[in-house]
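K.L.:
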Amino acid sequence: MNWGATIRTILLCAILILLHYTLRPLLAWRASPDFLIIALLLVSVRVRPGFAAVFGLFVGLASDSLALASFGAGAFAMTLIGFGWSRLKAVFFADHVLLNGFFLFLGKWAYEVIMHLM
Amino acid sequence: MARASRFTARVDVAIFVACILLSLIAMVLPVNLREPFAGTLRRTLVAPLIRLQRSAERWRSAYLSSERVELRRDTLALAAARVPTLDMENDRLRKLIGLGAKLQWGFIPAEALQGRGRAEDFTITLSAGSNAGVRERSLVVAPEGVVGVVQTVDPTMSLAILFAHPDFRVSAISANDSAFGIVQPHVSTSSTTQEPAYLRSERYLLEMRGVPFRATLKPGAVVYSSGLGGIYPKGIPVGVVLGEIRTSEAWARTYLLRPAVNPTELTAVMILTPQRAAAAGLPTVWAGVGAIDSATKSIVAAGDSMARQSATAEAAARRAAIDSSARVLADSMQRKAVARGDTVARAGSAVPPDSATLARVGRDSVAAARIRRQRRDSIAAARADSIRRDTSRGVRP
Numbered sequence: 163m164n165w166g167a168t169i170r171t172i173l174l175c176a177i178l179i180l181l182h183y184t185l186r187p188l189l190a191w192r193a194s195p196d197f198l199i200i201a202l203l204l205v206s207v208r209v210r211p212g213f214a215a216v217f218g219l220f221v222g223l224a225s226d227s228l229a230l231a232s233f234g235a236g237a238f239a240m241t242l243i244g245f246g247w248s249r250l251k252a253v254f255f256a257d258h259v260l261l262n263g264f265f266l267f268l269g270k271w272a273y274e275v276i277m278h279l280m
Numbered sequence: 149m150a151r152a153s154r155f156t157a158r159v160d161v162a163i164f165v166a167c168i169l170l171s172l173i174a175m176v177l178p179v180n181l182r183e184p185f186a187g188t189l190r191r192t193l194v195a196p197l198i199r200l201q202r203s204a205e206r207w208r209s210a211y212l213s214s215e216r217v218e219l220r221r222d223t224l225a226l227a228a229a230r231v232p233t234l235d236m237e238n239d240r241l242r243k244l245i246g247l248g249a250k251l252q253w254g255f256i257p258a259e260a261l262q263g264r265g266r267a268e269d270f271t272i273t274l275s276a277g278s279n280a281g282v283r284e285r286s287l288v289v290a291p292e293g294v295v296g297v298v299q300t301v302d303p304t305m306s307l308a309i310l311f312a313h314p315d316f317r318v319s320a321i322s323a324n325d326s327a328f329g330i331v332q333p334h335v336s337t338s339s340t341t342q343e344p345a346y347l348r349s350e351r352y353l354l355e356m357r358g359v360p361f362r363a364t365l366k367p368g369a370v371v372y373s374s375g376l377g378g379i380y381p382k383g384i385p386v387g388v389v390l391g392e393i394r395t396s397e398a399w400a401r402t403y404l405l406r407p408a409v410n411p412t413e414l415t416a417v418m419i420l421t422p423q424r425a426a427a428a429g430l431p432t433v434w435a436g437v438g439a440i441d442s443a444t445k446s447i448v449a450a451g452d453s454m455a456r457q458s459a460t461a462e463a464a465a466r467r468a469a470i471d472s473s474a475r476v477l478a479d480s481m482q483r484k485a486v487a488r489g490d491t492v493a494r495a496g497s498a499v500p501p502d503s504a505t506l507a508r509v510g511r512d513s514v515a516a517a518r519i520r521r522q523r524r525d526s527i528a529a530a531r532a533d534s535i536r537r538d539t540s541r542g543v544r545p
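Taken in sequence, the protein lines are chains S and A.
Here our numbering runs 162 ahead of the position in the first sequence, where the first position is 1.
Here our numbering runs 148 ahead of the position in the second sequence, where the first position is 1.
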């Protein structure tokens with residue numbers, strides 16, 4: 163991965179995290195988009211599985227710091243999702259927009275299933 | 149190359165396992181060990197994001213409250229826009245009630261429905277028909293005066309011609325009985341405008357024709373129905389003289405009249421039964437309709453002024469009670485100061501009043517309450533006896 167792509171990925175990730183804490187409460191829809199998962203999945207398909215797992219761990223711990231009763235559950239789920247999707251990028255990763263969208267949809271569903279099981 | 153890729157894959161798996169273990173440890177940590185770590189994360193990494201979230205939620209609540217304020221303002225504006233219409237309708241209905249009270253019997257109230265979209269029609273639909281007692285050629289009146297005559301009757305509705313209809317005629321006379329003639333719609337043949345006749349405002353004016361030369365009518369004189377002809381009884385206002393006009397009839401005067409009734413304000417009318425129209429006493433009805441309305445208003449105003457007086461008396465009684473307790477306090481303070489000879493007491497240390505003073509203040513407030521109750525009962529009795537009742541008595545043959 164070259165520097166340009168790296169910077170683009172970092173910027174995209176930062177913007178998505180900011181949107182999660184600004185646009186989401188502003189809209190306050192019944193079904194709000196989870197920008198943190200979108201950021202995690204977009205980073206996962208661009209980095210190595212190990213780094214994706216670390217990124218998932220940190221993002222999960224940061225979001226769990228506001229929900230002490232389930233501290234660690236979000237980190238566990240995001241670590242799994244980050245590592246798994248990074249490993250599966252060879253299968254799912256494609257230039258087709260719909261496939262990418264389906265990829266994001268599956269990732270969010272998997273996160274919700276894991277959180278529900280936890 | 150394959151070895152390098154296998155090595156990196158193993159490193160990735162090891163990192164993954166380590167992350168899983170760390171997250172599991174975070175899950176099972178006791179609260180006292182978990183809290184410092186979570187607090188550090190909140191104070192460092194999450195705090196700026198929470199500030200952003202707080203600003204976003206403030207923006208949202210401000211937007212929602214401004215929406216609510218705007219909605220409330222629009223609702224109030226809409227309600228305020230309806231108030232003049234409601235006032236006008238109330239005024240008309242009050243006048244109609246006054247007319248009904250004066251007529252006492254032989255009338256059928258009806259709503260006048262206009263605007264069927266047909267030009268040069270000059271007819272109105274009335275919401276009462278033969279089931280309510282309406283007959284053909286029944287007179288249609290309003291508190292201001294003549295409206296027209298019923299032409300067609302159905303069981304639940306009827307059609308009436310307005311005074312602007314070409315077939316409308318009424319024999320009229322001046323207030324002092326000096327001038328008489330026939331009133332008919334004013335149809336002007338000469339006009340400089342291109343618009344159709346029914347759109348011109350002068351189309352709704354009336355003419356009084358055949359007035360003898362010896363009789364002159366001044367502008368502003370009221371013209372009434374004369375009772376001749378058998379349809380219109382005597383004494384119903386027809387219009388107000390605007391001035392004399394020149395016509396082809398050189399042997400008599402012709403006067404232009406402004407109708408007594410404004411056709412745009414016709415919402416509710418009275419239909420007189422033939423028996424009522426033929427009965428005696430009708431000329432005095434329209435003379436007294438204005439008096440009834442003003443009498444009603446003066447009774448309501450009297451009730452309001454009584455309420456104002458009682459409120460003023462109550463306020464005065466309350467003030468007197470407060471003044472008397474203040475005077476007692478001042479007296480007792482002065483007595484204490486004189487007894488002790490202490491300047492601090494003169495500066496105004498608080499001394500509680502004695503029991504006799506408290507009892508007097510209590511008696512004053514009980515008396516004020518009794519006065520308030522009596523005035524309230526008298527106002528309610530005055531309003532119950534007022535003329536504002538439903539005076540429509542229906543049809544009596």
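Where a beta carbon is used, it is the ideal one built from N, C-alpha and C, also for glycine.
Pull up the DSSP beta-bridge partners for residue 308(A), would you.
P.N.:
The sequence position of residue 308(A) within the second sequence is 160, counting from 1. According to DSSP, residue 308(A) bridges with 272(A) and 298(A).
K.L.:
Residue 240(S) to residue 196(A), Cα distance in whole Å?
P.N.:
Working through the first sequence from its first residue, we reach residue 240(S) at position 78. Working through the second sequence from its first residue, we reach residue 196(A) at position 48. Cα to Cα, the separation comes out at about 22 Å.
K.L.:
Assuming residue 415(A) and residue 292(A) form a contact by the criterion Cβ under 8 Å, report the distance between their Cβ atoms to the nearest whole angstrom.
P.N.:
Residue mapping note: residue 415(A) aligns to position 267 of the second sequence, counting from 1. Residue mapping note: residue 292(A) aligns to position 144 of the second sequence, counting from 1. Actually they do not touch by this definition, with Cβ atoms about 12 Å apart.
K.L.:
Can you tell me which of the three DSSP states residue 415(A) falls into?
P.N.:
Counting from 1 along the second sequence, the entry for residue 415(A) is found at position 267. Residue 415(A) falls in the coil class under three-state DSSP.
K.L.:
Which same chain residues end up closer than 7 Å to residue 318(A) when comparing Cβ atoms and leaving out the 5 residues on each side of it in sequence?
P.N.:
What you label residue 318(A) is simply residue 170 of the second sequence in a count that begins at 1. So the qualifying residues of the chain are 294, 331, 373, 380 and 386.
K.L.:
Which class does residue 156(A) belong to by DSSP, given the choice of helix, strand or coil?
P.N.:
For this step, residue 156(A) is matched to residue 8 along the second sequence. In the structure shown, residue 156(A) sits in a helix (DSSP, three-state: H, G or I).
K.L.:
What residues from chain S crowd round residue 205(A), counting only those whose CB sits closer than 7 Å?
P.N.:
Against the second sequence, residue 205(A) aligns to sequence position 57. Within 7 Å Cβ-Cβ: 187.
K.L.:
What is the residue span of the alpha helix (DSSP H) that residue 226(A) lies within?
P.N.:
For the purposes of this step, residue 226(A) is taken as the residue at position 78 of the second sequence. 195–251 is the extent of the alpha helix (DSSP H) around residue 226(A).
K.L.:
May I have the straight-line CA-CA distance separating residue 236(S) from residue 221(A), to the nearest angstrom?
P.N.:
The sequence position of residue 236(S) within the first sequence is 74, counting from 1. The sequence position of residue 221(A) within the second sequence is 73, counting from 1. Each residue's Cα considered, the two are about 46 Å apart.
K.L.:
My understanding is that residue 250(S) touches residue 167(A), with C-beta atoms under 8 Å, so please give their C-beta distance in whole angstroms.
P.N.:
For this step, residue 250(S) is matched to residue 88 along the first sequence. For this step, residue 167(A) is matched to residue 19 along the second sequence. Not a contact, Cβ separation roughly 17 Å.
K.L.:
Does the count of Cβ pairs from the segment 256–273 of chain S and the segment 191–202 of chain S closer than 8 Å reach three?
P.N.:
Enough Cβ pairs lie closer than 8 Å, so yes.
K.L.:
So which residues on chain S does residue 160(A) lean against when the C-beta distance must stay under 9 Å?
P.N.:
Locating residue 160(A) in the second sequence gives position 12, counting from the first residue. The answer, in chain order, is 210, 211, 212, 213, 214, 215, 245, 248 and 249.
K.L.:
Should residue 215(A) be labelled buried (16 or more other beta-carbon atoms within 10 Å of its own) or exposed?
P.N.:
Locating residue 215(A) in the second sequence gives position 67, counting from the first residue. So residue 215(A) ends up on the exposed side.
K.L.:
What's the C-alpha gap between residue 233(S) and residue 274(S)?
P.N.:
Mapped onto the first sequence, residue 233(S) falls at position 71. Mapped onto the first sequence, residue 274(S) falls at position 112. Between residue 233(S) and residue 274(S), the C-alpha separation is close to 16 Å.
K.L.:
Got a sec, what are the start and stop residues for the beta strand (DSSP E) residue 387(A) sits in?
P.N.:
Here residue 387(A) is taken as the residue at index 239 of the second sequence, counted from 1. Residue 387(A) -> beta strand (DSSP E) spans 385–393.
K.L.:
Report the neighbours of residue 155(A) on chain S: residues whose CB is nearer than 7 Å to its CB, in chain order.
P.N.:
Along the second sequence, one-based indexing puts residue 155(A) at 7. None at all; the shortest Cβ gap to chain S is about 12 Å.
K.L.:
Can you tell me the Cβ-Cβ gap for residue 408(A) and residue 389(A), rounded? I've got them flagged as a contact below 8 Å.
P.N.:
If you number the second sequence from 1, residue 408(A) lands on position 260. If you number the second sequence from 1, residue 389(A) lands on position 241. 12 Å between Cβ atoms; not a contact.
K.L.:
Starting from the Cα of residue 243(A), find the closest Cα among 187(A), 205(A) and 413(A) and give me that residue.
P.N.:
Counted from its first residue, the second sequence places residue 243(A) at position 95. The candidate whose alpha carbon is nearest that of residue 243(A) is 413(A).
K.L.:
Which same chain residues end up closer than 6 Å to residue 377(A) when comparing Cβ atoms and leaving out the 5 residues on each side of it in sequence?
P.N.:
Within the second sequence, residue 377(A) is the residue found at index 229, counting from 1. Cβ within range, chain order: 319.
K.L.:
Can the beta-carbon of residue 297(A) be found less than 8 Å from the beta-carbon of residue 309(A)?
P.N.:
As a working note, residue 297(A) is residue 149 in the second sequence. As a working note, residue 309(A) is residue 161 in the second sequence. Yes; because the gap between Cβ atoms is below 8 Å, this pair is in contact.
K.L.:
Within 8 Å (strictly less), CB to CB, does residue 182(A) reach chain S?
P.N.:
Taking the second sequence and counting its residues from 1, one reaches residue 182(A) at position 34. Yes, residue 182(A) lies at the interface with chain S (some Cβ there is under 8 Å from its Cβ).
K.L.:
Quick one: what does DSSP say residue 367(A) is sitting in, helix, strand or coil?
P.N.:
Taking the first residue of the second sequence as 1, we reach residue 367(A) at position 219. In the structure shown, residue 367(A) sits in coil (DSSP, three-state: anything other than H, G, I, E or B).
K.L.:
Using three-state DSSP, classify residue 222(S) as helix, strand or coil.
P.N.:
Indexing the first sequence from 1 puts residue 222(S) at position 60. Looking at residue 222(S) - three-state DSSP - the assignment turns out to be helix.
K.L.:
Give me the residue from 276(S), 183(S) and 201(S) with the minimum Cα distance to residue 170(S).
P.N.:
Locating residue 170(S) in the first sequence gives position 8, counting from the first residue. The residue with the shortest Cα to Cα distance from residue 170(S) is 201(S).
K.L.:
Note down, in chain order, each residue of its chain lying with its Cβ closer than 8 Å to the Cβ of residue 596(A), except the 5 sequence neighbours on either side.
P.N.:
Outside the displayed range of chain A (149 to 545) lies residue 596(A), so it cannot be described from this structure.
K.L.:
Does residue 164(A) get closer than 8 Å to chain S when you measure Cβ to Cβ?
P.N.:
For the purposes of this step, residue 164(A) is taken as the residue at position 16 of the second sequence. Yes - at least one Cβ of chain S is within 8 Å of the one on residue 164(A).
K.L.:
If you measure between the beta carbons of residue 357(A) and residue 329(A), is that distance less than 8 Å?
P.N.:
In the second sequence, counting from the first residue as 1, residue 357(A) sits at position 209. In the second sequence, counting from the first residue as 1, residue 329(A) sits at position 181. In contact: residue 357(A) and residue 329(A) (Cβ atoms closer than 8 Å).
K.L.:
Going by beta-carbon coordinates alone, are residue 365(A) and residue 334(A) separated by less than 8 Å?
P.N.:
Position 217 of the second sequence holds residue 365(A). Position 186 of the second sequence holds residue 334(A). The answer is no: Cβ separation not under 8 Å.
K.L.:
Report the rounded CA-to-CA distance for residue 259(S) versus residue 162(A), giving the unit in angstroms.
P.N.:
For the purposes of this step, residue 259(S) is identified with residue 97 of the first sequence, where counting begins at 1. For the purposes of this step, residue 162(A) is identified with residue 14 of the second sequence, where counting begins at 1. In a straight line, the C-alpha of residue 259(S) is about 33 Å away from that of residue 162(A).
K.L.:
Three-state secondary structure (DSSP) at residue 458(A)?
P.N.:
In the second sequence, residue 458(A) corresponds to position 310, counting from 1. Residue state, collapsed to three classes: helix.
K.L.:
So residue 321(A) is in the beta strand (DSSP E); what residue range does that whole segment cover?
P.N.:
Translated into positions along the second sequence, residue 321(A) becomes position 173. Segment 318–322, the beta strand (DSSP E) holding residue 321(A).
K.L.:
Just grab the DSSP bridge partners of residue 356(A) for me.
P.N.:
Locating residue 356(A) in the second sequence gives position 208, where the first residue counts as 1. Answer by DSSP bridge pairing, in chain order: 331(A) and 403(A).
K.L.:
Considering just the uninterrupted stretch of the alpha helix (DSSP H) at residue 231(S), what are its terminal residues?
P.N.:
Looking up residue 231(S) in the first sequence gives position 69. Taken as a continuous stretch (DSSP letters only), residue 231(S) belongs to no alpha helix (DSSP H), as it is neither H nor E.
K.L.:
Name the two residues that bound the continuous alpha helix (DSSP H) containing residue 179(A).
P.N.:
Mapped onto the second sequence, residue 179(A) falls at position 31. 179–189 is the extent of the alpha helix (DSSP H) around residue 179(A).
K.L.:
Compare the beta carbon distance of residue 323(A) and residue 360(A) with 8 Å and say whether it is the shorter of the two.
P.N.:
Position 175 of the second sequence, counting from 1, holds the residue named residue 323(A). Position 212 of the second sequence, counting from 1, holds the residue named residue 360(A). In this structure, residue 360(A) does not lie closer than 8 Å to residue 323(A) by Cβ.
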